[in-house]
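Below is one structure, written out as C-alpha cells; comments come after it.
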Amino acid sequence: MKFRTRAIHIGSEPDSTGAVVPPIYLSTTYVQPGPGDWGTFDYSRSGSPTRARVEKTIADLEGAAGSLAFASGMAATHCAVGLLQSGSHIVAGCDMYGGTYRLLHKICNRNNISVTLVHADDANHIAEAIRPETKMVWVESIGNPLMSVPDLEQIAAVTRKAGVLLAVDSTFVPPCILRPLDLGADIVMHSATKYFGGHSDCLAGALSAKTKELHQQLYFIQNATGSVIGGLEAFLLHRGIKTMELRVREQSKSAMQIAQWLEKHSKVQRVLYPGLPSHPHHQRAKRLMGDQFGGMVSFEVAGDIDDAKRVCKGTELFGLAVSCGAVESLIEQPATMSHASYDPAARAKAGINDTLVRISVGLEDPEDLISDLDQALANSGGA
Amino acid sequence: MTSSSNPNSQLGFGTQSVHAGEARQKPNDAITDSICCSSTYTFESTQSILDYLRENHDREEYGRYGNPNEKVVERKLAALEGAQDAIIYSSGMAAIVGLLMCKLSAGDEIIFFDQCYHRSREFCLKHLSRFGVVTHQVKTGDMDAMQAAINPKTKMIVSESPTNPHLSVIDLEAFVAIGKRTGVETLIDSTLATPYNLKPIEWGVDYVWHSATKYMGGHNDLLAGVICGSKEKLEPVRKLRGILGSINSPHNMYLLERGLKTFALRMERHNHNGQKIAEFLENHPRVEKVFYPGLASHPSHAIAKKTMKGYGGLVTFLIKDADWKQTAAIIDRCKIPRIGPSLGGVESLIEQPLVMSYFDYPPEQRAQFGIYDNMIRMAIGIEDTDDLIEDLRQALEATNEGGPSR
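Residue numbers (the working numbering), protein chains in the order written: chain A, 1 to 383; chain B, 1001 to 1406.
Below you can see the structure in the form of C-alpha cells.
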C-alpha cells in the first residue's frame, strides 16, 4: 500500500467496538491480571492503547523497527541524546534549530558531553570532526533556518565506518518526502508538532529507530524519564497524520511558487529553498527528495534588521509566530525568534543574518499568500 | 482581513477554509481557537444582564443557546457556503428536524423528491404527520410533477442534490423557479456536494442543509448538522434550537473547525478518487451499471457538469448477474474500505444499501426506492487512488464466492 493509504489505515485497525476511529484512552493506569503478572498496558507512562496506535503508524511511515511518541520535539531530542554518557562527544550540523543548540550547549554540557558544530553540507566536515569518543552525529535533513541539505547517504557512510550513531532531525522533511532510515540513518527525530500534527494544536515529538535494539534502548530512556505524549494529543496527532501527505504535497507546491516569486522581487536579497535551481544543494535535494521540498522558505530582505522586522509585522494572512508545518501560514525572524537561543557569535558563524525571514507555507491559496507578502514587502521600506 | 473574516471576501476557497470565521487575533494570541467547555456564562453585575437583555449584545448566556466554538464554525460554514448565516446542530437529522419544526405547522404541506435519505423520509411521514403536517413525494427531478403537487398549503419543497445513493443532480434553476413562482420555500440537502463543488445559495435556494458529519468534519469522528440561509429566515430557527436543545458540543465544534482546515484539499482528493474509481468500475466486466454524475452515462451528467466543480467521493454501482449474497461477498473481500454506514471521511467505507439501510423494507418498496439486491455504495476516502482501484479489482475478480450464511 502507498503512503497515504498506510497513513490512514495502519494503526487504526478495528477494535471490539468496530469504531472506524479508535477510542481515546485517557486512563492513567490499567488493571493487571495478577501480582507480577503484567498485561499489555500497565501504567500509561509505559504505554497506552492510543499512544501505541500512533507509534505504530509513525513506525510504518518511517520504515522503522519501532517509534516512540513524546510530549514535544525537544522531549524526543532529549531522549535521543540520553543514549550518550559523560565524556561522550557529539558532532552536529550548525544549521540547526535554536532549541537543539540550547539543549546541546547548555544542558548536555552539564553531563560532560561535548559538542562540535560543523557545516554538515559537506560530509568531509563531519568525518574530520569525529573523535574516538564521538557517539553520535546529529543533522537536520533540511537545516533550520538556512535550508541547507546535507547528503545523508554520504554522512551515513561516514558514521557507519566510524561506528557512530546517525540521528536525523527531519522535522522540515516529513516521511512522505524523505525517509532518513532508508538512507542509512539510525534514528529519526520529528517535532511532530509540525507536519505530522499539522494543525498547530498539539505538541508532539517522535523518535523512530532503525533496529529493534535501538528502539528498546530509547524506550527504556523514555519510560525512565517520562516525557510521553498524552492521550488527547496522541489522538490529534493521529488524526493529523491522515491528511499529512495531502497537506505536504500542497504546501510543497505553494512553497515552490512563493519561492520563485520571492526570487524575482526587488526587495529580496536571496531566497533559500532547496527546490530552486539557485539553491547550492538543489541537485542533491532532488536526488534525495524527488520533486517535493516541503513548505519552509527562508529569504533575506534587502535592507537591515528593521526592514526584516517590518516585513514580519506587515503581513495580514501570515501569522507572526514561531513553529511551522501547519495549515496556517506563519512568518518569523530567526535572529530574534526561533534562533534567539543561539549565542550571537555562533549565529553569525552559522550564517543566520539579521535580515533573514523564515516562512512556513500553509494551506491557504498561494495567490492570497503572494499578495500578502507583496504588500508586506512594499511597506517594509528598505532598498 | 481585520478582526474577523469577511464572509463576502474574495479570498480563495482554501484560504477561507483555513481562516474564515475566526478572529485574526485570538485570546492569549493563540493561533488556534481554544475549546470553551463552560456550560454557563457569567455577568459582571445585574446591570450588565439588563444591558444584555435590552441591547441584545453578541455574547454567550447559557450553553444551550450557543457556545464560542460553535459560533466560529457557523461563521466559517456561512462564509464557505456564501450564506448570511448558518446554524449548527448535534447531527444532520437534528438540523432538518430543527428547521422543519420551526417552519411547518398543522395543515401545512411539504413535498420531497423521492430519492432521499430514508430517515428524512421517515421523520416526515411518521412524525411530522403526528403534528398535522402532510408530506408528498414526487419522482426525483420531475419538475412538472413538483409544480403540480404544489397547492396553497404547500410551505416547502425539498431535494437532495446529488441524491443518495443514486447521485441524481437536480436542476437548481428550475427547482428555485418553481419556489419563486409559487411562493414556496426551497431546501436543498447538499451533503454530497459540499460548497466546494456547489453553492445552492448562489442559485437562489432558501435553505441549504448538510450533515456536517460527512465531508465537513471529514475524519469520521464527530456528528454535526448545519442549516445555512439568510439571517432573517434563520432567526426563528435559531430561537427554536435554543428551546429544543439540539446544540453541538464545544469539543465536537473544535474537531469540526479543525477538519474544515483541510476541507479544500480533501474535497479535491475525494473528487479525483471518485471520478477515477467510477471510470474503473464502468469499464469492469463484472459491473452492470455505475451511478456517478461525473460519468457521461449518468442521466444527470449534463446538469452536473454545468453546475458543479466536481462530484465527490460517493459512487454507487450494480454487480452484473449477482444476487444479494454474491454482492455481499464482493464487499466482504475488500481489504481497504471498512464496511459501514456514513461517508465523507478520510477512510473509505463500503456498504450494501439493501443490508445497511433497507433490510426491513418489503421488496416491492425497495424496488420503488430503486434499492437493488446487487447494489453497492462506496464512500471513497482520500487514500491513494491506485490502492483503492487494485483492492476493488481483486474483490471483483476473486473466484471464491464466500458471502454471508443467511
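Glycine included, every Cβ here is placed at the ideal spot set by N, Cα and C.
Just so it is clear, the structure is predicted and the values come from calculations on it, not from any experiment.
Exposure of residue i, with buried meaning 16 or more beta-carbon neighbours within 10 Å
i          : result
A/Thr-315  : buried
B/Cys-1037 : exposed
A/His-339  : buried
B/Ser-1048 : exposed
A/Val-31   : exposed
A/Arg-160  : exposed
B/Arg-1024 : exposed
A/Lys-267  : buried
B/Tyr-1215 : buried
B/Thr-1042 : exposed
B/Thr-975  : No answer is possible for residue 975 of chain B: it lies beyond the span of chain B, which begins at 1001 and ends at 1406.
A/Pro-384  : Outside the displayed range of chain A (1 to 383) lies residue 384 of chain A, so it cannot be described from this structure.
A/Trp-38   : exposed
B/Gly-1245 : exposed
A/Phe-172  : buried
B/Glu-1044 : exposed
B/Ser-1003 : Unreliable placement is indicated for B/Ser-1003, whose pLDDT of 38 sits below 50; no coordinate value is reported for it.
B/Ser-1017 : buried
A/Asp-95   : buried
Selected residue, minimal CA-CA separation from residue i, among the options
i          : options                                        : result
B/Leu-1396 : B/Glu-1288, B/Asn-1164, B/Gln-1047, B/Pro-1363 : B/Glu-1288
B/Val-1208 : B/Ala-1322, B/Tyr-1311, B/Lys-1231, B/Tyr-1361 : B/Lys-1231
B/Gly-1433 : B/Arg-1377, B/Lys-1306, B/Leu-1240             : Summary: the structure shown does not reach residue 1433 of chain B, with chain B confined to residues 1001 through 1406, and so no result is reported for it.
B/Phe-1317 : B/Val-1237, B/Ile-1350, B/Lys-1335             : B/Ile-1350
B/Asp-1386 : B/Leu-1128, B/Gly-1274, B/Leu-1314             : B/Gly-1274
A/Leu-183  : A/Gln-216, A/Val-271, A/Asn-353, A/Ala-167     : A/Ala-167
B/Ala-1020 : A/Glu-364, A/Ala-120, A/Lys-309                : A/Glu-364
B/Gly-1345 : B/Lys-1139, B/Gly-1217, B/Ala-1030             : B/Gly-1217
A/Lys-135  : A/Gly-73, A/Gly-231, A/Ile-113                 : A/Ile-113
A/Val-311  : A/Ala-157, A/Cys-176, A/Val-271, A/Ala-378     : A/Ala-378
A/Asp-372  : A/Phe-318, A/Thr-336, A/Ala-348                : A/Phe-318
B/Asp-1373 : B/Ala-1379, B/Glu-1022, B/Pro-1353             : B/Pro-1353
B/Asp-1189 : B/Tyr-1254, B/Glu-1173, B/Ala-1302, B/Glu-1160 : B/Glu-1160
B/Tyr-1196 : B/Glu-1279, B/Glu-1383, B/Gly-1012             : B/Gly-1012
A/Arg-249  : B/Leu-1255, B/Ile-1243, B/Leu-1256, B/Thr-1262 : B/Thr-1262
B/Asp-1384 : A/Cys-202, A/Leu-246, A/Leu-178, A/Val-139     : A/Leu-246
Residue i - DSSP class collapsed to helix/strand/coil
i          : result
A/Asp-182  : helix
A/Val-81   : helix
B/Thr-1327 : helix
A/Ser-200  : coil
B/Ala-1193 : coil
A/His-105  : helix
B/Arg-1059 : coil
A/Gly-205  : strand
A/Ser-114  : strand
B/His-1136 : strand
A/His-9    : helix
A/Ser-16   : coil
B/Asn-1008 : Unreliable placement is indicated for B/Asn-1008, whose pLDDT of 44 sits below 50; the coordinate value is still reported in the next sentence. Correct three-state label for B/Asn-1008: coil.
B/Ala-1398 : coil
A/Ala-92   : strand
B/Lys-1153 : coil
B/Thr-1002 : With a pLDDT of only 35 at B/Thr-1002, under the threshold of 50, the placement of this residue in the model should not be trusted; the figure read from the coordinates follows. B/Thr-1002 falls in the coil class under three-state DSSP.
B/Ile-1096 : helix
B/Lys-1180 : helix
A/Asp-169  : strand
B/Val-1072 : helix
B/Met-1378 : strand
CB-CB length for residue i against residue j, believed under 8 Å
i          : j          : result
B/Ile-1339 : B/Tyr-1358 : Not a contact, Cβ separation roughly 16 Å.
A/Met-147  : A/Tyr-273  : 6 Å
A/Leu-68   : A/Tyr-219  : 6 Å
A/Ile-187  : A/Leu-165  : 7 Å
A/Ser-252  : A/Glu-263  : Not confirmed; about 16 Å, so no contact.
A/Ala-325  : A/Ser-360  : Residue identity check: residue 325 of chain A is Gly in the sequence provided, not Ala. The Cβ separation is near 6 Å, so the contact holds.
A/Arg-239  : B/Asp-1221 : 7 Å
A/Ala-64   : A/Ser-208  : 4 Å
Any non-hydrogen atom of the ligand NAD within 7 Å of residue i CB
i          : result
B/Gln-1147 : This structure lacks the ligand NAD, and indeed carries no ligand of any kind.
Short CB-CB distance (under 8 Å) between residue i and chain D
i          : result
B/Val-1018 : Protein chains A and B are contained in the structure displayed, whereas chain D is not.
* Only counting runs of 3 or more residues, tell me where the beta strand (DSSP E) segments fall wholly within the region 1293-1376 of chain B, in order along the chain. => 1314-1319, 1349-1351
* Asked: Which residue spans inside the region 342-380 of chain A form an unbroken beta strand (DSSP E) run of at least 3?
  -> 356-360
* Minimum length 4: unbroken alpha helix (DSSP H) runs contained in the region 222-305 of chain A -> 231-241, 244-263, 282-289
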